[in-house]
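Numbering (the numbering used here), first residue to last: -18 to 331.
Note that beta-carbon positions come from the ideal geometry of N, C-alpha and C, so glycine has one too.
Beneath this line is the structure, given in structure tokens, with notes to follow.
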Amino acid sequence: MIEDKNKPKTSLADLGEFGLIEHLTKNFKIKQESTLKGIGDDAAVLDFKDKKAIISTDLLIEGIHFDLSYMPLKHLGYKAVMVNLSDIYAMNATATQVTISIAVSNRFPLEAIEELYEGIYAAAKTYNVDVIGGDTTSSTKGLLISVTAIGQANEEDIVYRNGAKANDLLVVTGDIGAAYLGFQVLEREKQVFQADPNNQPDLDMYTYLIERQLKPEARRDVSGLLKELEVKPTSMIDISDGLSSEIIHLCKQSEVGCNLYEDKIPLDQQVISTCEEFNMDSTTIALSGGEDYELLFTVSQEDFPKIKANPNFTVIGHMTDASEGMNLITRSNEKIALKAQGWNSLESEE
Ligand code: ADP
Ligand code: MG
């Protein structure tokens, strides 16, 4: 945490729980028609009329999911919301509300929590979701933040993980692997800084990677893009773990196999150059890295003409009969079984 040592800090104990809640939440405005009651009562009240409600929740713990030595609190607040909205978008739904629960130790002054809430506020504003409640409590050590995201969708538009069929195309949005490399770059800089605090890092070469790690954006646009193209995915998931483990989820739940083509995986130029620098294999990073918050989905072959020219989408493989297994087809045309935790390039089927 980079702190301005000259600025006086306000102790959370001085405000008390209710003072803190009031202070943090006073700027939130209700924009969604479906929010009948937001913050301020025992519970929020929502009305989705003829739509279905979609709910997802995540818990982030300091030292496990984030490291405040390089994660600014504002970014953490933003990311905590993104992680959850991504799950709503992965159901092909619209995100409408979030609740925010925090547990804070007395190590954090009010100004730190204000920063966290600046990020939450920015995310809620940009993604047009109402903050409708939460909980505030103390922790003996560190910061915990839990976000619940709520969304809505027409029943017929909802896309589950289990609808993929053999021969469906496997499609990914954006590019993969950058967030994990951003994490690697930040970890390396942290170590360099700890060894010599005067060492000013030059991170110009890694801007995209660091942004993908510290300020990810959820794919709010995809549901609308697909609707415009008149494509309904047969299955969908967001890529919070690596590509490999998400593909395995789709395959297992849909009871199909798949062939993923190594040469089709979309990689940013910074991912390619940084992998070379770090002596890492870009395919391994894409398969096992995670935190990209892109969407992975399957569409029927008939829909290929509708998506093929769209720069948001890359066809990376196709589903097969379950008996064929889940495979990576390498650049040298070798077939390797996909593994949830990375993949062992020595273990070839042939
Ligand atoms: P209760 O005692 O019923 O749990 P609280 O006093 O904790 O109520 O909360 C008062 C209101 O403020 C509720 O609407 C609650 O959802 C909201 N709230 C509490 N903490 C937070 C937070 N960290 N962020 C957003 N809203 C919060
Ligand atoms: Mg409470």
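Checklist line | Contact set for D284: own chain, Cβ-Cβ below 7 Å, skip 5 residues either direction | finding: Numbered from its first residue, the sequence shown carries residue 284 at position 303. Correct list, in chain order: V212.
Margin query: Within the continuous beta strand (DSSP E) that includes M72, where are the two ends?
Written below: Taking the sequence shown and counting its residues from 1, the one referred to as residue 72 is at position 91. No beta strand (DSSP E) contains M72, which DSSP labels as neither H nor E.
Check: Buried or exposed: where does T118 fall if 16 or more other Cβ atoms within 10 Å of its Cβ makes it buried?
Finding: By one-based count along the sequence shown, residue 118 stands at place 137. Exposed: under 16 other Cβ atoms inside 10 Å.
Margin query: If distances are taken between C-alpha atoms only, which option among A74, F29 and G44 comes closest to V140?
Written below: Here residue 140 refers to the residue found at position 159 of the sequence shown. Minimum Cα distance to V140 is reached at A74.
Notebook entry, point to check: What three-state label does DSSP hand D185 in the structure shown?
Noted result: Against the sequence shown, residue 185 aligns to sequence position 204. Looking at D185 - three-state DSSP - the assignment turns out to be helix.
Next item on the list: Verify the contact flag: D22, CB atom, against every heavy atom of the ligand MG, threshold strictly below 7 Å.
Entry: The residue you call residue 22 lines up with position 41 of the sequence shown. Checking every heavy atom of the ligand MG against the Cβ of D22, none is found closer than 7 Å.
Margin query: If I measure Cβ to Cβ from K12 and keep anything under 8 Å in the same chain, skipping five residues before and after, which residues do I get?
Written below: In the sequence shown, the residue the question calls residue 12 occupies position 31. Excluding positions up to five away in sequence, the list reads N109 and D111.
Notebook entry, point to check: Which residues does DSSP pair with N240 in a beta bridge?
Noted result: As a working mapping, residue 240 is identified with position 259 in the sequence shown. DSSP, once it has assigned bridges, lists H299 and N308 as partnering N240.
Notebook entry, point to check: Between T121 and N87, what straight-line distance do the alpha-carbon atoms span, to the nearest angstrom?
Noted result: Indexing the sequence shown from 1 puts residue 121 at position 140. Indexing the sequence shown from 1 puts residue 87 at position 106. For T121 and N87, the distance between alpha carbons rounds to 8 Å.
Check: Taking 8 Å as the CB-CB limit, is D262 close to chain D?
Finding: Within the model displayed, chain D is absent; a lone protein chain is all it includes.
Next item on the list: Please check the pair I266 and Y161, which I expect to be a contact at CB under 8 Å, by giving their CB distance rounded to whole angstroms.
Entry: Taking the first residue of the sequence shown as position 1, residue 266 is located at position 285. Taking the first residue of the sequence shown as position 1, residue 161 is located at position 180. The pair is a contact, with the Cβ atoms about 6 Å apart (cut-off 8 Å).
Next item on the list: Could you say if the region 246 to 265 and the region 180 to 193 meet the contact criterion of at least three C-beta pairs nearer than 8 Å?
Entry: yes
Check: Which value, in whole angstroms, describes the spacing of the CA atoms of E198 and Y70?
Finding: Locating residue 198 in the sequence shown gives position 217, counting from the first residue. Locating residue 70 in the sequence shown gives position 89, counting from the first residue. Distance between the alpha carbons of E198 and Y70 is about 12 Å.
Note to self: Taking contact to mean 3 or more Cβ pairs, one atom from each stretch, closer than 8 Å, check whether the region 53 to 60 and the region 16 to 30 are in contact.
What the structure shows: no
Notebook entry, point to check: Is T116 near the ligand MG, judged by its Cβ being under 7 Å from some heavy atom?
Noted result: For the purposes of this step, residue 116 is taken as the residue at position 135 of the sequence shown. The identity of residue 116 in the sequence shown is Asp, whereas the question assumes Thr. D116: yes, Cβ under 7 Å from the ligand MG.
Check: For E43, which of helix, strand or coil comes out of DSSP?
Finding: Taking the first residue of the sequence shown as position 1, residue 43 is located at position 62. E43: strand per DSSP, three-state reduction.
Note to self: Give me, in chain order, the residues of the same chain whose beta-carbon lies closer than 7 Å to that of A134; leave out the 5 immediate sequence neighbours on both sides.
What the structure shows: As a working note, residue 134 is residue 153 in the sequence shown. Hits under 7 Å: K32, K33, I35, M72, N73, A74 and T75.
Notebook entry, point to check: In angstroms, rounded to a whole number, what distance separates the CA positions of A290 and L210?
Noted result: Sequence index remark: in the sequence shown, residue 290 carries index 309 (1-based). Sequence index remark: in the sequence shown, residue 210 carries index 229 (1-based). C-alpha of A290 to C-alpha of L210: approximately 11 Å in a straight line.
Notebook entry, point to check: Any contact of the region 237 to 244 with the region 300 to 316, i.e. 3+ C-beta pairs under 8 Å?
Noted result: yes
Item checked: Sequence-distant residues of the same chain with beta carbon closer than 8 Å to E243, five excluded per side -> The count along the sequence shown starts at 1 and reaches residue 243 at position 262. Contacts found: T264, L309, I310, T311 and R312.
Check: Is it buried or exposed for G205, if we count other Cβ within 10 angstroms and need 16 for buried?
Finding: As a first step, residue 205 must be located in the sequence shown, where it is residue number 224. Exposed.
Next item on the list: Return yes when the Cβ of V85 is within less than 8 Å of the Cβ of T154, no when it is not.
Entry: As a first step, residue 154 is located in the sequence shown; it is residue number 173 there, counting from the start. As a first step, residue 85 is located in the sequence shown; it is residue number 104 there, counting from the start. No, they are not a contact pair.
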